[in-house]
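Since the structure comes first, as structure tokens, the remarks are kept for the end.
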Amino acid sequence: MNADLTADHVRSLGLTGRDFLRELDFTAVELNSLLDLAARLKQLRKQGSEPALLQRKNLAAIFEKTSTRTRISFSVAMADQGGNTTFLDGASSQIGHKESPADTARVLSRIFDAIEFRGSEQAVVEELAQHSSVPVYNGLTDQWHPTQMLADFLTMREHQSNPQERLSYCYLGDARNNMGNSLLIMGAIMGADTRIVAPKVLWPDHSVIDQANALAQASGAKITLTEDITEGVSGAEFVHTDVWVSMGEAKDVWQERIELLKPYQVNQEVLDLAASNAKAMHCLPAYHDTKTVIGAQIAQEFNLHGGIEITHEVFESPANIAFDQAENRMHTIKSILVATLA
Ligand code: CP
Ligand code: NVA
């Protein structure tokens with residue numbers, strides 16, 4: 002990307018006005034251009050010479066579910082770029098209980114330049130987009146977490162030992178949730194060696210697996226779904242995991258989930274199966290110690306004192322790059338905002 006980043010350069014990417022509802026909304030070329038732009042924006046911010054390309058732009062950020070990273074990333078990215086963010090949620094606005102997504106989208110489109118939505122159903126963010134005249138971004142639904150994928154891929158790009166080689170990563174855990182689906186489809190689009198390592202009952206839906214296999218035909222991705230930890234992890238450069246029980250799930254699923262996923266915990270033994278120097282990744286928040294209410298309760302109830310989905314040992318080791326991943330949420334969310342709105 003050109004040294005002097007201007008609105009014209011950004012517009013030449015051809016992404017103006019586009020929604021980002023799921024990874025499949027963009028081609029590999031477009032996703033790579035968003036990663037290039039994010040890397041450039043990150044560098045310029047660190048140098049103190051970032052141009053403000055979103056002056057007087059307003060973002061409506063709807064959070065039906067809680068968030069730390071996604072929320073702060075949208076708001077700091079907008080502020081850095083000279084724009085403003087207004088946060089809305091179900092409790093303090095009319096959204097959901099008194100006003101439909103279609104009506105909300107038409108109202109917000111009259112006043113805002115873009116809309117972010119985090120909530121349960123993918124259908125809601127799709128409906129917002131259908132009725133909105135401004136770009137809509139998915140900040141996480143039960144099915145997809147597309148903005149997280151940009152951060153994960155920027156982070157893997159930064160840490161890959163040989164960028165000329167095909168990227169290889171595995172995901173261990175509940176693979177039928179947003180992170181499992183998104184890591185599978187994103188890897189398939191981007192041509193990565195993508196491994197889903199989980200008990201079969203927690204694999205992504207058949208439709209998602211079929212879609213990944215079809216995408217892999219075009220991209221050259223290598224797709225593996227396996228219950229076998231050694232097969233799935235061996236040689237992978239990045240080992241991803243996520244919480245075993247996601248937002249919105251009932252507390253009583255913990256027992257069954259722990260029974261299913263205990264062998265798939267990211268611990269030192271599992272990491273040792275991966276490539277030498279392999280890195281551990283987690284979208285966060287993570288249950289690796291007992292310093293959270295839920296982490297403490299689950300550790301106590303199920304006798305899981307060294308961590309749940311990832312051990313404290315691995316989390317606190319140099320192999321963990323989850324905080325780079327967290328930082329990259331902001332740079333990559335900024336890139337999508339700039340690319341679609343500048
Ligand atoms: N990874 C992620 O989406 O974090 P938050 O839930 O804190 O936004
Ligand atoms: N699967 C997790 C991701 C959190 C960022 C959840 O949906 O709670």
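Anchor point for the sequence shown: position 136 equals 137 in our numbering, and the numbering is continuous, going up by one each time.
A virtual CB, placed ideally from N, CA and C, is assigned to each residue, including glycine.
From a predicted model like this one, the values you see are computed outputs, not experimental measurements.
When the Cα atoms are used, what is the spatial distance from leucine 173 to alanine 237?
-> Using only the alpha carbons, I get a separation of about 12 Å.
Taking 8 Å as the cut-off, decide whether the C-beta atoms of aspartate 53 and glutamine 82 are in contact.
-> One detail in the question is off: residue 53 reads as alanine in this sequence, not aspartate. Result yes, Cβ atoms of alanine 53 and glutamine 82 sit closer than 8 Å.
What does a CB cutoff of less than 8 Å around alanine 279 pick up in its chain, not counting 5 residues either side in sequence?
-> Taking C-beta separations shorter than 8 Å and ignoring five residues to either side along the sequence, the partners of alanine 279 in its chain run Ala237, Glu238, Phe239, Val240, Leu272 and Ala320, following chain order.
Use the C-beta contact count for isoleucine 190: other C-beta atoms within 10 angstroms, 16 or more gives buried, fewer gives exposed.
-> Counting other Cβ atoms within 10 Å of its Cβ, isoleucine 190 reaches 16 or more and is therefore classed as buried.
Neighbour-count burial assignment, asparagine 178, 16 or more Cβ in a 10 Å radius = Taking a 10 Å sphere around the C-beta of asparagine 178, we find 16 or more other C-beta atoms and assign the residue as buried.
Since threonine 242 and glutamate 310 are thought to touch, with beta carbons under 8 Å apart, how far apart are those beta carbons, to the nearest angstrom?
-> That belief holds up - the Cβ atoms of threonine 242 and glutamate 310 are roughly 5 Å apart, short of 8 Å.
Would you report the Cα separation of leucine 89 and alanine 61, rounded to the nearest angstrom?
-> One alpha carbon belongs to leucine 89, the other to alanine 61, and they sit about 7 Å apart.
What does a CB cutoff of less than 8 Å around lysine 201 pick up in its chain, not counting 5 residues either side in sequence?
-> So the list reads Glu228, once near-sequence residues are dropped.
Beta-carbon separation (whole angstroms), leucine 274 vs valine 234, contact threshold 8 Å = Confirmed, Cβ separation roughly 4 Å.
Considering glutamate 117, what are the terminal residues of the beta strand (DSSP E) in which it resides?
-> Note, glutamate 117: beta strand (DSSP E), 115 to 119.
Quick one: what does DSSP say threonine 291 is sitting in, helix, strand or coil?
-> Assignment of threonine 291 by DSSP, reduced to helix, strand and coil, places it in the coil class.
For methionine 248, I'd like the list of residues in its chain whose CB is within less than 6 Å of its CB, leaving aside the five on either flank, ordered along the chain.
-> Around methionine 248: Lys66.
Taking only heavy atoms of ligand 2 into account, decide whether any of them is closer than 7 Å to the Cβ of serine 121.
-> Taking 7 Å as the cut-off, the C-beta of serine 121 does not count as close to any heavy atom of ligand 2.
What number of angstroms, rounded off, separates the C-alpha of valine 11 from the C-alpha of proline 136?
-> Those two C-alpha atoms are separated by around 16 Å.
Grouping DSSP H, G and I as helix and E and B as strand, with all else coil, what is isoleucine 186?
-> The answer is helix: DSSP assigns isoleucine 186 an H, G or I state.
If you drop the 5 nearest sequence neighbours on each side, which residues of the same chain put their C-beta closer than 7 Å to that of glycine 213?
-> Reading off the sequence shown, one finds alanine at residue 213, where the question assumed glycine. Same-chain partners within the cutoff: Leu185, Ile186, Ala189 and Ile224.
Spatially closest choice to asparagine 33 from Leu155, Ala217 and Val244, by CA coordinates | Of the listed residues, the one whose Cα sits closest to asparagine 33 is Leu155.
Assign asparagine 182 to buried or exposed, taking buried as 16 or more other Cβ atoms, counted over all protein chains shown, within 10 Å of its Cβ.
-> That one is buried.
Candidates Trp245, Trp145, Gln48 and Ser318, of which the one nearest isoleucine 295 by Cα = Nearest C-alpha to isoleucine 295: Trp245.
If you drop the 5 nearest sequence neighbours on each side, which residues of the same chain put their C-beta closer than 7 Å to that of threonine 71?
-> Arg119, Gly140, Leu141, Thr148 and Arg330.
Please confirm whether proline 205 and alanine 251 have their CB atoms less than 8 Å apart.
-> Not in contact: proline 205 and alanine 251 (Cβ atoms no closer than 8 Å).
Close beta carbons around serine 94, own chain, < 7 Å, minus the five adjacent residues each side = Nothing meets the Cβ criterion.
Would you identify the three-state DSSP class for glutamate 100, choosing helix, strand or coil?
-> Glutamate 100: strand per DSSP, three-state reduction.
Which runs of the beta strand (DSSP E) fall wholly inside the stretch 212 to 257 and span at least 3 residues, in chain order?
-> Fully enclosed beta strand (DSSP E) runs of 3 or longer: 223 to 227 and 239 to 242.
With a Cβ-Cβ cutoff of 8 Å, do leucine 168 and methionine 157 count as a contact?
-> Yes, the Cβ-Cβ distance between leucine 168 and methionine 157 is below 8 Å.
In the structure shown, what three-state DSSP assignment does serine 34 receive?
-> Judged by DSSP in its simplified three-state form, serine 34 adopts helix.
Does ligand 2 have even one heavy atom less than 7 Å from the beta-carbon of serine 247?
-> Yes, the beta carbon of serine 247 sits closer than 7 Å to at least one heavy atom of ligand 2.
Around the Cβ of alanine 80, are there at least 16 other Cβ atoms within 10 angstroms (buried) or fewer (exposed)?
-> Burial call: exposed.
CA-CA distance, phenylalanine 27 and aspartate 104?
-> Looking at the two C-alpha atoms, the distance is approximately 27 Å.
Is the closest heavy atom of ligand 2 to the C-beta of leucine 60 under 7 Å?
-> Leucine 60: no, Cβ never under 7 Å from ligand 2.
Would you check whether ligand 1 has a heavy atom nearer than 7 Å to the C-beta of serine 76?
-> The answer is no for serine 76.
Where tyrosine 220 and histidine 160 are concerned, what is the direct C-alpha to C-alpha distance, given to the nearest angstrom?
-> The sequence given here has serine at residue 220, not tyrosine. Rounded to the nearest whole angstrom, the C-alpha separation of serine 220 and histidine 160 is 22 Å.
Same chain, Cβ closer than 8 Å to isoleucine 230, neighbours up to 5 away in sequence not counted | Around isoleucine 230: Leu173, Val198, Pro264, Tyr265, Val271 and Leu274.
C-alpha distance - methionine 180 paired with aspartate 194, whole-angstrom precision = Taking the straight line joining both Cα atoms gives about 16 Å.
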